[in-house]
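The structure appears below as structure tokens.
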Amino acid sequence: MPPSRPWKSGAAGPSGGLPHSSRYGAPLYQAFLTALGYGLCHQLPERSFFGGGFQVPVCARDTGIYVGFVVSVLVLQVLGRSRRSEPPAWPVILLAGAFVVAMGLDGINSNTGLVNAMWTTTNDTRLATGLLTGGAISLLATPIVNGQLWRDPSPDRVLSGAREVVVWLSSLAAAFAVVRLVFPLTAAGFPAIVAACIVVTFWWVNLAIVCLVPAFERRAVRLREAWAAHLLAVGLTLLELGAGSAFRLLVLRLLS
14 MPPSRPWKSG AAGPSGGLPH SSRYGAPLYQ AFLTALGYGL CHQLPERSFF GGGFQVPVCA
74 RDTGIYVGFV VSVLVLQVLG RSRRSEPPAW PVILLAGAFV VAMGLDGINS NTGLVNAMWT
134 TTNDTRLATG LLTGGAISLL ATPIVNGQLW RDPSPDRVLS GAREVVVWLS SLAAAFAVVR
194 LVFPLTAAGF PAIVAACIVV TFWWVNLAIV CLVPAFERRA VRLREAWAAH LLAVGLTLLE
254 LGAGSAFRLL VLRLLS
């Protein structure tokens, strides 16, 4: 049976042992990473990436979702100068839906092997389908934030025209290469980058929720005028991450 509080039982490396070095608070660092993703993911080592001997807070699929979401939000904000408030056209929405279905099929195949004749689920397929799904989710979250946060949002679609769709898809493909080839070079920085993407994803989604409250709805003209909404979104993020970990602990204790 797994420990009820894995972040207190030592930091697991890719072979099940401790990270390569115990200096500079390595066990504490792994404990933080584990606690951050504990309520979000199964955190199976064989389905997760490692950097510098430290396990990333979430599995390869969830890593893709959070990294893909953040990369996509950044691209959409640059393309639309931060204010576009309409979702993309239906063909793009259908494409995004297909990405989510692909991730679902890969997840089913990972546990059942039902479609092994077509492809074999690996951490690379988990990462790829996660990136596509994270990007797809951002297509809905971003216009909500822009439409509810700003006093004068743009009526344009977050993705407009074939060129922008190609740029968006290319950014997700580039993100795959960066995660697999560049992030590992940062060693212990790899898990930290993913941790930051988790927090940013929750913050952005919570910002969409906060801006539905009349006190914050379409109030900001400049970014500095939205500080209260951002602060509340960060607070909700910390609360949700903590509550998720606490809930998993409670369930494990009830089942033990």
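Quick note: the sequence shown uses my numbering, first residue 14, plus one each step.
Beta carbons are placed, not taken as given, at the ideal position from N, Cα and C, and that holds for glycine.
Note to self: So, for Gly143: in the same chain, excluding its five sequence neighbours on each side, which residues have a beta-carbon less than 6 Å away from its beta-carbon?
What the structure shows: Result list for Gly143: Arg74, Gly77, Ile78, in chain order.
Notebook entry, point to check: Applying the criterion that 16 or more other CB atoms from any shown protein chain within 10 Å of the CB defines a buried residue, is Ser184 buried or exposed?
Noted result: buried
Check: To the nearest angstrom, how far is it from the Cα of Thr138 to the Cα of Pro101?
Finding: Going by the C-alpha atoms only, they are around 26 Å apart.
Next item on the list: Taking Ser98 as part of the beta strand (DSSP E), name the residues at either end of that continuous run.
Entry: For Ser98, the enclosing beta strand (DSSP E) stretches over residues 97-99.
Item checked: Same chain only: Cβ atoms within 6 Å of Leu220, ignoring 5 sequence neighbours per side -> Val158, Ala246
Next item on the list: For Gly93, write down the residues that DSSP places opposite it in a beta bridge.
Entry: BP columns for Gly93 are empty, so no partner.
Item checked: Buried versus exposed call for Phe62 [16 or more other C-beta atoms within 10 Å across all chains shown] -> buried
Margin query: DSSP three-state label for Ser283, please.
Written below: Since the first and last residues shown for the chain are 14 and 269, residue 283 lies out of range.
Notebook entry, point to check: Where does Leu187 land, buried or exposed, given buried means 16+ other C-beta within 10 angstroms?
Noted result: Residue identity differs from the one stated: residue 187 is Ala in this sequence, not Leu. Looking at its Cβ environment, which holds fewer than 16 other Cβ atoms inside 10 Å, Ala187 is exposed.
Notebook entry, point to check: Which whole runs of the beta strand (DSSP E) in the stretch 131-198 are 3 residues long or more, in chain order?
Noted result: 167-170
Check: Ordered along the chain, which non-local residues of its own chain (more than five positions away) have a Cβ less than 7 Å from that of Leu49?
Finding: Listed in chain order, the non-local C-beta contacts of Leu49 below 7 Å within the same chain comprise Pro70, Ala208, Ile211, Leu254, local neighbours out to five positions each way being set aside.
Next item on the list: Can you tell me the Cβ-Cβ gap for Val180 and Leu92, rounded? I've got them flagged as a contact below 8 Å.
Entry: 7 Å
Notebook entry, point to check: Does DSSP classify Ala201 as helix, strand or coil?
Noted result: coil
Next item on the list: Please say whether Leu46 and Pro204 have beta carbons closer to each other than 7 Å?
Entry: yes
Note to self: Measuring CB atoms only, is the stretch 190-203 touching the stretch 112-129, in the sense that at least three cross pairs come out at less than 8 Å?
What the structure shows: With fewer than three CB-CB distances shorter than 8 Å, the stretch 190-203 does not count as touching the stretch 112-129.
Margin query: Tell me which residues share the same chain as Thr134 and place their Cβ nearer than 6 Å to its Cβ, disregarding the 5 neighbours each side in the sequence.
Written below: Asp119, Asn122, Ser123
Notebook entry, point to check: Can you list, in chain order, the residues of its chain whose CB lies under 8 Å from that of Gly257, leaving out five sequence neighbours each side?
Noted result: Taking Gly257 as the centre and dropping the five residues before and after it, the same chain places the C-beta of Tyr51, Gly52, Leu53 closer than 8 Å to its C-beta, in chain order.
Next item on the list: State the CB to CB distance for the pair Gly64 and Pro197, rounded to an integer number of angstroms; the pair is presumed to be in contact (CB under 8 Å).
Entry: 6 Å
Notebook entry, point to check: With C-beta atoms as the reference, is Leu172 less than 7 Å away from Ala233?
Noted result: no
Check: Quick one, which of Leu251, Ala201, Phe229 has its alpha-carbon nearest Gly38's?
Finding: Ala201
Item checked: Val114 to Trp132 span [Cα, whole Å] -> 15 Å
Notebook entry, point to check: Skipping 5 residues on each side, what residues in its chain have a beta carbon closer than 7 Å to that of Leu270?
Noted result: Shown here, the chain extends from 14 to 269; a query on residue 270 therefore has no answer.
Next item on the list: Mark Thr199 as exposed unless 16 or more other C-beta atoms lie within 10 angstroms of its C-beta, in which case mark it buried.
Entry: exposed
Notebook entry, point to check: Relative to the alpha-carbon of Leu160, which residue among Leu225, Gly248, Leu263 has its alpha-carbon at the smallest distance?
Noted result: As written in the sequence, residue 160 is Gly, which differs from the Leu given in the question. Of the candidates Leu225, Gly248, Leu263, the one whose C-alpha sits nearest the C-alpha of Gly160 is Leu225.
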